[in-house]
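Here's the structure, in structure tokens; my notes come after.
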Amino acid sequence: MLNLQACATVDLNVLDELQAVDDDAKKAEWSRQTNSVKAFKKAVMDHGMAEQDSKCVWCESKLGLEARRSAHRDHIAPKEHYRKWTFLPANIAVACEACNGFTVKSDLDTIAVEAPNYEECDFRVVHPYLDNPVEHIEFVQEEKKVVMVGLSVKGCWTIKNLQLDGTAATARRAFDRILEDNGLSNDQRELINQAMASLL
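Here it is, written out as structure tokens:
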């Protein structure tokens, strides 16, 4: 899981316009194609892809056309339950379609205790901006696989509920580790990644 240092910087006029939307209407506003919504989404996606090195915040899979995994804007506290934070940059990270999809995270309630201020909430999930993932989750290499081990209640909850210990995620981490450990050039790695992507 990635540790993110800073959330996206969004134009203040765009933020002001979106924050002025009534909280109950913010979830619906997310789907609209207004200039402000488009500018917000672009800023969040552009920043996320750069900050996260085109990797999923949760499983660390590569994202984009070359990796054949689409990038999604993931509301850490889901907009279904916490509409007031729909347009809060600190509540959004870039995730793959598997981690953010209906079968995994979707509208999973990630907050144990809600507070008036976002940063003061007690999150069930390891928060990529507010927590240091290495305090909660460890990668352990076991023979031919790389597994995630929870070091805290929050780490265990995150692994279990985001299914980060699934077969596909574990195999992908092992494959990435093999590429790193074999001293391959970037061109060789890219060639292997392209070949693997064509098989999926």
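Mapped onto the working numbering, the consecutive letters of the sequence shown carry residue numbers 596 to 795. Using N, Cα and C, we set each Cβ at its ideal position, and we do this for glycine too.
Could you give the uninterrupted runs of the beta strand (DSSP E) lying entirely in the segment 637-696, keeping only those of 3 residues or more?
666-670, 687-691
Candidates P723, E738, E730, W752: closest to E655 by CA position
P723
Report the residue from K749, Q614, H731, V744 whose alpha carbon sits nearest the alpha carbon of R719.
K749
Terminal residues of the continuous alpha helix (DSSP H) containing Q614?
607-614
With distances taken between CB atoms, is the gap from V699 to V652 smaller than 8 Å?
no
Return the CA-CA distance between K674 and Q614, expressed in angstroms with no decimal places.
14 Å
To the nearest angstrom, report how far apart K621 and D760 are at their CA atoms.
33 Å
Grab me the residues of S665's own chain with a C-beta within less than 6 Å of its C-beta, minus the 5 sequence neighbours each way, in chain order.
E692
Determine the burial state of P711: buried for a count of at least 16 other Cβ atoms within 10 Å of its Cβ, exposed for fewer.
exposed
Over the uninterrupted alpha helix (DSSP H) stretch that includes V748, give me the two end residues.
748-756
Looking at the structure shown, is E709 part of a helix, part of a strand, or coil, going by DSSP?
coil
Below 8 Å on the Cβ atoms is my guess for V721 versus T753; work out the distance and round it to an integer in Å.
4 Å
Of the residues L599, G659, A672, D702, which one's Cα is nearest the Cα of D717?
A672
Secondary structure of V721, DSSP reduced to three states
coil
Return the bridge partner residues of Q736 from the DSSP annotation.
V741
Residue burial classification, G643 (beta-carbon count within 10 angstroms, cutoff 16)
buried
Limits of the alpha helix (DSSP H) - the one that K621 falls within:
621-625
Whose C-beta lies closer than 6 Å to the C-beta of S780 among residues of the same chain, with five residues either side of it excluded?
none
Would DSSP call S780 helix, strand or coil?
coil
Mapping DSSP to helix, strand and coil, what is S631?
helix
Distance, Cα to Cα, L610 vs E715?
21 Å
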